[in-house]
Amino acid sequence: MQPVFAALAAAAALVVLGGVIAFVVLHGRSGAATAKTTEDTQTSDSARQATTTLLSDTLRRNELFAQLVTRLGVDEARTAAARVALESAGFDFRNMHPGDSVTVVREDSVPVSLSYHLDLATRYDVLFAQDSALAQFVTEPVETVEAVLRGVVEGSLWRSITEAGASPQLVEGFTEVLRNSFDFRNGVDKGDTFALLVEKQYVDGAFYQFGDIVAVRYRTAEQTTEAFLFSESDRRRYYCDAGGRSLDRLLEYPPIVDGRRTSDFGWRFHPIRRRRIRHNGLDYAAPYRAQVRSVSAGVVARCRWQSGYGRSVLIRHEDGTTTRYSHLAGYGPGIKSGVRVSKGQVVGLVGSTGLSTGFHLDFEVRRSGKAVDPLEVLASGYRQVPERQMHGFRRMVLESRDRMKHAGQP
Ligand SMILES: [Zn+2]
75 MQPVFAALAA AAALVVLGGV IAFVVLHGRS GAATAKTTED TQTSDSARQA TTTLLSDTLR
135 RNELFAQLVT RLGVDEARTA AARVALESAG FDFRNMHPGD SVTVVREDSV PVSLSYHLDL
195 ATRYDVLFAQ DSALAQFVTE PVETVEAVLR GVVEGSLWRS ITEAGASPQL VEGFTEVLRN
255 SFDFRNGVDK GDTFALLVEK QYVDGAFYQF GDIVAVRYRT AEQTTEAFLF SESDRRRYYC
315 DAGGRSLDRL LEYPPIVDGR RTSDFGWRFH PIRRRRIRHN GLDYAAPYRA QVRSVSAGVV
375 ARCRWQSGYG RSVLIRHEDG TTTRYSHLAG YGPGIKSGVR VSKGQVVGLV GSTGLSTGFH
435 LDFEVRRSGK AVDPLEVLAS GYRQVPERQM HGFRRMVLES RDRMKHAGQP
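Below, the structure written as structure tokens:
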């Protein structure tokens with residue numbers, strides 16, 4: 075068959091298979107290997123009936139990809155071809171997790187395809203063709219609906235919110251949203267009430283994950299604390315109080331454009347050292363290799379790896395203040411010790427070097443060698459919902475309040 079037609083046929087078969095696989099995943103996710111034989115009369119070019127068998131299983135702890143697919147009856151040559159195809163389709167073999175499920179489709183006991191499921195909505199499909207393979211990344215359509223979780227605090231806040239149906243990440247998100255407006259360490263009491271208006275995502279009717287937290291309310295005997303997600307634009311979204319003022323103070327000239335500040339200056343629980351230690355800066359979560367810029371003009375005093383800070387740039391400014399940018403993946407163009415930088419110049423790229431659990435920038439400001447709160451010493455303030463968007467925002471506030479209040483009531 076002409077090579078062009080072979081590739082087209084392969085791609086078409088991949089799409090069909092995708093549908094079959096999706097069906098199996100959503101309806102057959104059990105731990106143990108499942109053998110399911112179905113008669114497939116649709117195979118166009120063979121007079122006799124082909125027997126299609128679907129086998130799926132999950133990755134065991136410390137198991138390699140090759141070991142799992144071999145267990146599912148894939149021979150060495152196809153295993154090697156699948157690896158090559160997956161790699162070229164962007165599959166990250168370092169990112170495999172125990173419990174990930176793989177489905178192998180065999181026709182007349184010959185493996186014709188396999189699917190590696192990352193989660194309910196995403197997977198890689200591999201189609202075997204003669205002695206090679208073709209792979210593609212597939213995402214299932216995700217349906218998003220808004221739902222309200224609410225309840226009364228009995229015992230720990232954590233347990234009360236998870237009993238109301240939240241995942242651990244959602245509980246963290248809830249306290250994160252209100253971290254600057256409510257003291258969850260000392261202010262939680264039995265009988266307090268909470269409500270979250272949150273997005274729930276479904277794949278083919280099965281719950282997949284929580285999406286954005288749209289609005290929250292925490293009520294104690296003394297006060298009610300609320301937050302509403304405001305989207306000024308696709309890229310500029312932040313939580314506000316009902317008056318439209320951001321709950322978060324922001325540096326007027328942050329080191330990362332649109333970086334999401336995840337940790338503030340002060341005492342906090344260190345994720346790696348597993349104890350409360352002083353955090354001497356601000357953390358900004360941002361994509362890998364996002365640009366890090368100098369918040370003010372100055373001279374590069376140091377530009378090298380520095381123990382827990384990883385790859386780090388230290389800049390001395392005219393008034394003697396220094397700023398440090400750490401955990402970098404790389405330095406900005408031309409950045410080295412002694413060079414002069416201007417305000418806004420790219421001095422580094424976001425990474426996760428040193429003591430770090432994810433791609434983020436640690437930004438520190440020091441005066442006479444002492445770490446100070448950047449929000450205190452650098453120009454910072456609150457954002458306000460722009461006047462032209464205030465009407466829509468107010469309506470969203472009223473609707474969210476109403477839904478959080480009446481959810482679950484007849
Ligand atoms: Zn930090």
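When the letters of the sequence shown are read in order and numbered with my numbering, they come out as residues 75 to 484.
Glycine is no exception: its CB is placed at the ideal position from the N, C-alpha and C atoms.
Worksheet entry | residue 171, buried or exposed, once every other Cβ within 10 Å from all chains shown has been counted against 16 | Residue numbering aside, residue 171 sits at position 97 when the sequence shown is read from its first letter. Its Cβ having fewer than 16 others within 10 Å, residue 171 is exposed.
Worksheet item: Which runs of the beta strand (DSSP E) fall wholly inside the segment 325–360 and span at least 3 residues, in chain order?
Response: 334–337, 340–343, 350–353, 355–359
Fill in: Span separating the alpha-carbon of residue 427 from that of residue 466
Numbered from its first residue, the sequence shown carries residue 427 at position 353. Numbered from its first residue, the sequence shown carries residue 466 at position 392. Cα-Cα distance, rounded: 42 Å.
Worksheet item: Should residue 240 and residue 223 be called a contact, given that it needs their Cβ atoms to be closer than 8 Å?
Response: Position 166 of the sequence shown, counting from 1, holds the residue named residue 240. Position 149 of the sequence shown, counting from 1, holds the residue named residue 223. Yes, Cβ-Cβ distance for residue 240 and residue 223 is below 8 Å.
Discussion item. Any heavy atom of ligand 1 closer than 7 Å to the beta-carbon of residue 171?
Written reply: Locating residue 171 in the sequence shown gives position 97, where the first residue counts as 1. Incorrect: residue 171 has no Cβ contact closer than 7 Å to ligand 1.
Worksheet entry | Straight-line gap, residue 194 to residue 278 (C-alpha atoms, nearest Å) | The sequence position of residue 194 within the sequence shown is 120, counting from 1. The sequence position of residue 278 within the sequence shown is 204, counting from 1. Looking at the two C-alpha atoms, the distance is approximately 9 Å.
Discussion item. At the level of alpha carbons, what is the spacing between residue 315 and residue 421?
Written reply: On the sequence shown, residue 315 is found 241 positions in, with the first residue counted as 1. On the sequence shown, residue 421 is found 347 positions in, with the first residue counted as 1. Taking the straight line joining both Cα atoms gives about 35 Å.
Worksheet item: If you drop the 5 nearest sequence neighbours on each side, which residues of the same chain put their C-beta closer than 7 Å to that of residue 309?
Response: Along the sequence shown, one-based indexing puts residue 309 at 235. Excluding residues within five positions, the ones whose Cβ falls inside 7 Å are 332.
Discussion item. Tell me the rounded alpha-carbon separation between residue 214 and residue 174.
Written reply: Residue numbering aside, residue 214 sits at position 140 when the sequence shown is read from its first letter. Residue numbering aside, residue 174 sits at position 100 when the sequence shown is read from its first letter. Taking the straight line joining both Cα atoms gives about 16 Å.
Discussion item. Does the beta-carbon of residue 355, which I'm using as the reference point, lie nearer than 7 Å to any heavy atom of ligand 1?
Written reply: Here the question's residue 355 lines up with position 281 in the sequence shown. Within the chosen limit of 7 Å, ligand 1 reaches the beta carbon of residue 355 through at least one heavy atom.
Discussion item. Check whether the segment 462–481 and the segment 291–311 are in contact - that is, three or more C-beta pairs closer than 8 Å.
Written reply: yes
Worksheet entry | Reference residue 304, options 464, 129, 384, 134, closest by Cα | Here residue 304 refers to the residue found at position 230 when the sequence shown is read from its first residue. Among 464, 129, 384, 134, the Cα nearest to that of residue 304 belongs to 464.
Worksheet item: Leaving out five residues before and five after residue 459 in sequence, what residues of the same chain have Cβ atoms less than 7 Å from its Cβ?
Response: Taking the sequence shown and counting its residues from 1, the one referred to as residue 459 is at position 385. These residues qualify, in order along the chain: 304, 314, 318, 467.
Discussion item. Give me, in chain order, the residues of the same chain whose beta-carbon lies closer than 7 Å to that of residue 473; leave out the 5 immediate sequence neighbours on both sides.
Written reply: What you label residue 473 is simply residue 399 of the sequence shown in a count that begins at 1. Excluding the 5 residues flanking it on each side, residue 473 has no same chain C-beta neighbour closer than 7 Å.
Practice prompt. Just tell me which of 237, 238, 324 has its CA closest to the CA of residue 454.
Written response: Walking along the sequence shown from the start, residue 454 turns up at place 380. Of 237, 238, 324, the residue nearest in Cα terms is 324.
Discussion item. Suppose you measure from the CA of residue 350 to the CA of residue 341; what does that come to, to the nearest Å?
Written reply: To locate residue 350, count along the sequence shown from 1; it is residue 276. To locate residue 341, count along the sequence shown from 1; it is residue 267. The straight-line gap from Cα to Cα measures roughly 6 Å.
Worksheet item: Leaving out the 5 sequence neighbours to the left and right, which residues in its chain are closer than 8 Å to residue 363 when beta-carbon positions are compared?
Response: The sequence position of residue 363 within the sequence shown is 289, counting from 1. Contacts found: 403, 404, 423, 424, 425.
Worksheet item: If you draw a straight line from the C-alpha of residue 416 to the C-alpha of residue 390, how long is it?
Response: For the purposes of this step, residue 416 is taken as residue 342 along the sequence shown, with counting starting at 1. For the purposes of this step, residue 390 is taken as residue 316 along the sequence shown, with counting starting at 1. Looking at the two C-alpha atoms, the distance is approximately 12 Å.
Worksheet item: For residue 171, which beta-bridge partners are listed by DSSP?
Response: Stepping through the sequence shown from its first residue, residue 171 is reached at position 97. Residue 171 is not bridged to any residue.
Worksheet item: Say the cut is 7 Å; is the CB of residue 436 nearer than that to a heavy atom of ligand 1?
Response: Numbered from 1 along the sequence shown, position 362 holds the residue referred to as residue 436. Residue 436 Cβ: within cutoff of ligand 1.
Worksheet item: Grouping DSSP H, G and I as helix and E and B as strand, with all else coil, what is residue 436?
Response: Here the question's residue 436 lines up with position 362 in the sequence shown. Residue 436: strand per DSSP, three-state reduction.
Worksheet entry | Close beta carbons around residue 187, own chain, < 7 Å, minus the five adjacent residues each side | Against the sequence shown, residue 187 aligns to sequence position 113. The answer, listed in chain order, is 91, 179, 199, 200, 201, 202.
Discussion item. On the DSSP letters alone, give me the boundaries of the alpha helix (DSSP H) that residue 288 sits inside.
Written reply: To locate residue 288, count along the sequence shown from 1; it is residue 214. That residue, residue 288, is in no alpha helix (DSSP H); its beta strand (DSSP E) goes 280–293.
Practice prompt. Please determine, among 267, 434, 161, the residue with the shortest C-alpha to C-alpha distance to residue 231.
Written response: Along the sequence shown, read from residue 1 onward, the residue named residue 231 stands at position 157. When each option's Cα is compared against that of residue 231, the closest is 267.
Practice prompt. Check whether the Cβ of residue 386 lies closer than 7 Å to any heavy atom of ligand 1, and answer yes or no.
Written response: Here residue 386 is taken as the residue at index 312 of the sequence shown, counted from 1. No, Cβ of residue 386 sits at least 7 Å from all heavy atoms of ligand 1.
Discussion item. I'd like to confirm something about residue 320: is its beta-carbon nearer than 7 Å to some heavy atom of ligand 1, or not?
Written reply: The count along the sequence shown starts at 1 and reaches residue 320 at position 246. It does not: the Cβ of residue 320 is nowhere closer than 7 Å to a heavy atom of ligand 1.
Practice prompt. Just tell me which of 388, 418, 197, 185 has its CA closest to the CA of residue 443.
Written response: Taking the sequence shown and counting its residues from 1, the one referred to as residue 443 is at position 369. Among 388, 418, 197, 185, the Cα nearest to that of residue 443 is on 388.
Worksheet item: When DSSP labels each residue in this structure, what does residue 477 get in the three-state scheme?
Response: By one-based count along the sequence shown, residue 477 stands at place 403. Assignment of residue 477 by DSSP, reduced to helix, strand and coil, places it in the helix class.
Item to complete: Just the C-alpha distance for residue 436 and residue 358, rounded to the nearest angstrom, thanks.
Response: Numbered from its first residue, the sequence shown carries residue 436 at position 362. Numbered from its first residue, the sequence shown carries residue 358 at position 284. Straight-line measurement puts the Cα of residue 358 at about 7 Å from the Cα of residue 436.
Discussion item. Quick check on the DSSP output: the beta strand (DSSP E) that includes residue 188 runs from which residue to which?
Written reply: Translated into the one-based positions of the sequence shown, residue 188 becomes position 114. Here the beta strand (DSSP E) through residue 188 covers 184–191.
Item to complete: Could you tell me if residue 281 is buried or exposed, where buried requires 16 or more neighbouring beta carbons within 10 angstroms of its beta carbon?
Response: Here the question's residue 281 lines up with position 207 in the sequence shown. Per the 10 Å Cβ criterion, exposed.
Discussion item. Looking at the secondary structure, which residues open and close the alpha helix (DSSP H) in which residue 235 lies?
Written reply: To locate residue 235, count along the sequence shown from 1; it is residue 161. Start and end: 231–237.
Worksheet item: DSSP state of residue 310, grouped into three classes?
Response: Sequence index remark: in the sequence shown, residue 310 carries index 236 (1-based). Collapsing the DSSP output to three states places residue 310 in coil.
Fill in: Span separating the alpha-carbon of residue 352 from that of residue 371
Residue mapping note: residue 352 aligns to position 278 of the sequence shown, counting from 1. Residue mapping note: residue 371 aligns to position 297 of the sequence shown, counting from 1. If I take the Cα positions, the gap works out to 28 Å.
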